[in-house]
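In the UniProt record's numbering, the protein residues as written are 1 to 323.
What follows is a set of notes on a single structure, which appears directly below.
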Amino acid sequence: MADSPAIFITDCDHDDVDIERRVAAERGFRLSVGQCATEEDVIAAAGEAEALVVQYAPITDHVLAALPRLKAVGRYGVGVDNVDVAAATSHGVAVCNVPDYGTEDVSDHAIAMALSLGRALPQLDRNLRRGRTELGPVRPIHRFSTRVFGLVGLGRIGRATGRKARALGFTVIGTDPEWSTGSTTEEGIAVVGFEELIGSSDVISLHVPLTEATRHLIDDDVLGRVRPGVILVNTCRGGVADTDAVTRALQDGRLAGAGLDVLEVEPLDSNHPIAHLENVIVTPHAAWHSEESYAELKHRVLENICDVLAGRRPRDILNPQVL
1 MADSPAIFIT
11 DCDHDDVDIE
21 RRVAAERGFR
31 LSVGQCATEE
41 DVIAAAGEAE
51 ALVVQYAPIT
61 DHVLAALPRL
71 KAVGRYGVGV
81 DNVDVAAATS
91 HGVAVCNVPD
101 YGTEDVSDHA
111 IAMALSLGRA
121 LPQLDRNLRR
131 GRTELGPVRP
141 IHRFSTRVFG
151 LVGLGRIGRA
161 TGRKARALGF
171 TVIGTDPEWS
181 TGSTTEEGIA
191 VVGFEELIGS
201 SDVISLHVPL
211 TEATRHLIDD
221 DVLGRVRPGV
231 ILVNTCRGGV
241 ADTDAVTRAL
251 QDGRLAGAGL
261 DVLEVEPLDS
271 NHPIAHLENV
281 IVTPHAAWHS
291 EESYAELKHR
301 VLENICDVLA
311 GRRPRDILNP
321 QVL
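Quick look at the structure:
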């Protein structure tokens, strides 16, 4: 394998890379691992690499220009915020993500947050531990069958969340620029405009990528137009919701609760006001995780880049024109 193409994992916070090593070995490729945080770290460590696997390291035009042997970049996950796909395309480098490995897991997490907040479980749990059993402080609590569950984004995860919400009795609506208002998805989700959704929903669950158009999509202005007592759930990207605006809405009652797996700044600063609100569930960007999704992610990211190196079209590629 001395002359086989080299795969370099730029950074990874997983417990091990045993699956990646096994797949690379089975496919006849060399694999090495680093912990790169900056562009210069990547350039210094990956000079001989023909493929990169990245988690958080920045893969910019500067990096790509400095790595002339590079043929493929694989990203652990769905989003590619840290990879300049346009620059990669101009350099003839394939960019592969793993778009559906966590569909069931993230949608489960979104539903779990919505149900916990809808039943006021965080507050009831904390109050009981303090010796308080009265229900007054958490009223009103409503049957899910009387509530409207709104999905912002109707990709794989959004639709899976909608399917599960409908099974629990919610009326489910969704909005997405790729879907025509007035249509219905095969999961039975009625497609409406954004304004109708934010004004009609009792739960608003976010399932969109982070782009310039979606950054701070949920801000003070939007939160001023929601139905009073709405629950906000964010399992997509922290920057889609303005954390300070969400905090203010939780404090003044516009939001009854928020389930946040992602935040603008991660990890959460324990001194931030949102960390001390009892109508909030925060989790550490963990919605994607299950033992099954973890293994699938690691296996598929390696399979994708190994396919590129072998001259085959990978299962998942964002810029197929480079092949």
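The C-beta atom is built at its ideal place from N, Cα and C for all residues, glycine as well.
Please read all numbers here as calculations on a predicted model, not as lab measurements.
Anticipated Cβ contact below 8 Å, Ile274 with Thr247, distance rounded: 5 Å
What does Val83 pair with, by DSSP beta-bridge criteria? Ile59
Less than 6 Å between C-beta atoms, sequence neighbours within five positions excluded: which residues of the same chain meet that for Met1? Unreliable positioning characterises Met1 in this predicted model, as indicated by a pLDDT of 46, which lies under 50. A coordinate reading is not provided.
DSSP bridge partner residues for Ser205 (one or two, in chain order): Leu151, Val233
Rounded to whole angstroms, what is the Cα-Cα separation between Arg159 and Ala44? 42 Å
Among Gln251, Leu255, Ala295, Asp244, which has the Cα closest to the Cα of Ser205? Leu255
Taking the beta carbon of Arg126 as the centre, do at least 16 other beta carbons fall within 10 Å, making it buried, or is it exposed? exposed
Taking just the CA atoms, how far does Leu217 sit from Arg69? 39 Å
Whole-Å CB distance - Asp100 paired with Arg156, under 8 Å assumed: 5 Å
Of the listed residues Asp61, Glu50, Asp18, nearest to Glu39 (C-alpha basis): Asp61
So, with DSSP's three-state summary, where would you put Ala286? coil
Rounded to whole angstroms, what's the CA-CA distance from Thr89 to Leu210? Just pull it up for me. 20 Å
Is DSSP giving Gly136 helix, strand or coil here? helix
Measuring straight from C-alpha to C-alpha, what distance separates Ala57 and Gly311? 26 Å
Any chance the segment 91–98 sits against the segment 296–310, with 3 or more Cβ pairs inside 8 Å? yes
Let me check one thing: in DSSP terms, what residues is Ile218 bridge-paired to? Ala241
Confirm, please, whether the CB-CB distance from Arg163 to Glu187 is below 8 Å. yes
Between Ala167, Ala190, Asn82, which lies nearest to Gly174 when the distance is taken from Cα to Cα? Ala190
Name the one or two DSSP bridge partners that Cys96 has. Gly74
From the DSSP output, in three-state form, read off Ile189 for me. coil
Evaluate contact between the segment 117–124 and the segment 138–155, counting only Cβ atoms and requiring at least three cross-stretch pairs below 8 Å. yes
Nearest-angstrom Cα distance between Ser201 and Leu223? 12 Å
For Leu255, which residues does DSSP report across the bridge? Val230
Residues near Gly253 by beta carbon distance below 8 Å, same chain, minus five either side: Pro228, Gly229
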